[in-house]
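Everything below concerns the one structure shown next.
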Amino acid sequence: MFRTAITSLILFFVAGNTFAQLQLFADSVIKGSSDSVRQQYQLKLTDAMNKFLATEQSFNTSFDTIPSISTVTSPDGLIRFYQWVQPNMEAKTYSIYGMMQVKDKKAKTIKTYTLTDGAMDKYTASDKILNADNYFAAIYYSIIPLKENKKTIYTLLGWRGVDNRTTVKTIDVLHFQKNKPVFGKKLFKAPANMLPVMSAEKCMRVIFQYNAQAVMSLKYYSKGRKIVFDHLSPPKATLKGAEETYGPDFTYDAFIWKKGKWQGKSDVDIRNSHNTDGQKITPVKDSELRK
8 MFRTAITSLI LFFVAGNTFA QLQLFADSVI KGSSDSVRQQ YQLKLTDAMN
58 KFLATEQSFN TSFDTIPSIS TVTSPDGLIR FYQWVQPNME AKTYSIYGMM
108 QVKDKKAKTI KTYTLTDGAM DKYTASDKIL NADNYFAAIY YSIIPLKENK
158 KTIYTLLGWR GVDNRTTVKT IDVLHFQKNK PVFGKKLFKA PANMLPVMSA
208 EKCMRVIFQY NAQAVMSLKY YSKGRKIVFD HLSPPKATLK GAEETYGPDF
258 TYDAFIWKKG KWQGKSDVDI RNSHNTDGQK ITPVKDSELR K
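Residues 8 to 298, numbered by the numbering used here, are exactly what the sequence shown covers, in order.
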């Protein structure tokens with residue numbers, strides 16, 4: 008018992024020192040005096056995170072004291088993402104870095120994958136199957152485990168700052184082939200013109216791009232198994248296709264999980280029996296995703 012107590016005390020102090028270091032690096036990635044300084048600290052943060060995630064207690068450790076590192080765990084307790092944003096001063100863009108842990112219940116092991124942004128735009132990434140080495144980077148804030156052909160797949164809702172003009176939200180799909188993570192799957196169907204540019208049937212993931220000053224709602228409701236979101240439109244017809252001008256038009260669309268597919272439905276009534284308070288859906292604001 009005495010030895011266990013001493014071991015626990017040592018781990019407590021080690022974890023405290025590790026978190027202080029992670030906090031310093033994470034803050035410097037955001038507040039560094041130049042892009043080169045921020046990148047240096049980003050490399051230090053990545054190295055420190057890799058070391059920490061190699062420890063047994065990492066999967067269940069709270070990162071609440073480091074708000075600039077976003078974490079989200081799947082409801083089944085098998086997937087966990089760790090992600091952070093590096094604002095680029097000169098280009099006025101954002102870079103996303105992170106890791107993903109996958110727990111194997113049978114083998115009682117946890118595998119860590121470094122996530123590398125494939126640096127693709129919406130039009131390139133929408134119909135591509137991707138992996139951890141070249142995924143369409145987004146800060147995930149919701150993980151939805153579902154069954155498809157008796158296998159568990161994970162739908163991911165995410166946010167991505169592009170630049171000072173445009174923002175992205177995405178619905179991606181994580182699944183596994185030969186025990187390796189794969190991003191993207193043809194699971195979407197929708198009425199014509201429900202999505203701004205590409206038809207849902209062609210999408211491996213759905214990517215919404217819109218004006219950086221706008222606030223888009225993209226939220227999952229387990230009751231009814233549906234993803235409800237703002238319909239995006241340009242301010243005038245002549246700007247159709249110029250997605251940097253798009254914003255919510257006060258109508259809502261949804262993807263509803265039916266027969267192993269995300270079935271699209273246009274112009275849904277957001278005051279319905281699936282909203283227990285009978286009120287309008289509260290948007291997930293972009294600013295809240297970076298807290």
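Built from N, CA and C at the ideal position, the CB exists for glycine as well.
Mind checking residue i: buried by the 16 CB within 10 Å criterion, or exposed?
i: Ala27; result: exposed
i: Leu50; result: exposed
i: Gln184; result: exposed
i: Leu202; result: buried
i: Glu7; result: A query on residue 7 cannot be resolved here, the shown segment of the chain reaching from 8 to 298 and no further.
i: Ser294; result: Residue placement at Ser294 is poorly supported in this model, since its pLDDT is 43, which falls under 50; the coordinates still yield a value, given next. By the neighbour-count rule (16 or more Cβ atoms within 10 Å), Ser294 is not buried but exposed.
i: Tyr227; result: buried
i: Phe9; result: At Phe9, the pLDDT of 43 sits below 50, so the modelled position is not reliable; the number obtained from the coordinates is stated separately. So Phe9 counts as exposed.
i: Ser65; result: buried
i: Ala249; result: exposed
i: Asp170; result: exposed
i: Asn218; result: buried
i: Thr177; result: buried
i: Ile242; result: Here residue 242 is Pro; the residue named in the question, Ile, does not match the sequence. Under this definition Pro242 is an exposed residue.
i: Ile136; result: exposed
i: Val21; result: Annotation note: pLDDT 45 at Val21 (below 50); position unreliable, no value reported.
i: Asp1; result: Because the chain spans 8 through 298 in this model, residue 1 falls outside it and cannot be assessed.
i: Gln93; result: buried
i: Thr131; result: exposed
i: Arg45; result: buried
Assign residue i to one of three DSSP states: helix, strand, or coil.
i: Glu156; result: Contrary to the premise, residue 156 reads as Asn rather than Glu in this sequence. If DSSP states are grouped into helix, strand and coil, Asn156 belongs with coil.
i: Val36; result: helix
i: Gln64; result: helix
i: Ser253; result: Note that residue 253 is Tyr in the sequence shown, not Ser. Correct three-state label for Tyr253: coil.
i: Lys272; result: strand
i: Ala27; result: helix
i: Ile277; result: coil
i: Lys58; result: helix
i: Gln220; result: coil
i: Ala98; result: coil
i: Arg232; result: coil
i: Ala207; result: helix
i: Thr53; result: helix
i: Thr245; result: helix
i: Val44; result: helix
i: Val169; result: coil
i: Ser69; result: coil
i: Arg212; result: coil
i: Met106; result: strand
i: Leu164; result: strand
In the DSSP assignment, find the beta strand (DSSP E) that holds residue i and state where it starts and stops.
i: Lys176; result: Thr173 to Gln184
i: Pro188; result: Lys187 to Phe190
i: Val299; result: Outside the displayed range of the chain (8 to 298) lies residue 299, so it cannot be described from this structure.
Since residue i and residue j are thought to touch, with beta carbons under 8 angstroms apart, how far apart are those beta carbons, to the nearest angstrom?
i: Leu225; j: Ile234; result: 7 angstroms
i: Asp260; j: Gly271; result: 7 angstroms
i: Ser133; j: Arg232; result: No, Ser133 and Arg232 are not in contact; Cβ-Cβ is about 23 angstroms, not under 8 angstroms.
i: Val79; j: Phe88; result: 5 angstroms
i: Thr53; j: Tyr120; result: Wrong, their Cβ atoms sit about 13 angstroms apart, outside the cutoff.
i: Gly168; j: Tyr101; result: 4 angstroms
i: Gln108; j: Leu60; result: 6 angstroms
i: Val180; j: Ile160; result: 6 angstroms
i: Ser75; j: Ala33; result: 5 angstroms
i: Lys113; j: Leu194; result: Contact flag wrong, Cβ pair sits at about 26 angstroms.
i: Leu164; j: Tyr142; result: Between Tyr142 and Leu164 the Cβ distance is about 15 angstroms, and since that is not below 8 angstroms, they are no contact.
**Request:** Any chance you could list the beta strand (DSSP E) runs of at least 3 consecutive residues sitting entirely within the region 109-155, in chain order?
**Result:** Those beta strand (DSSP E) runs which fall completely within the region 109-155 and span 3+ residues are 116-122 and 146-155.
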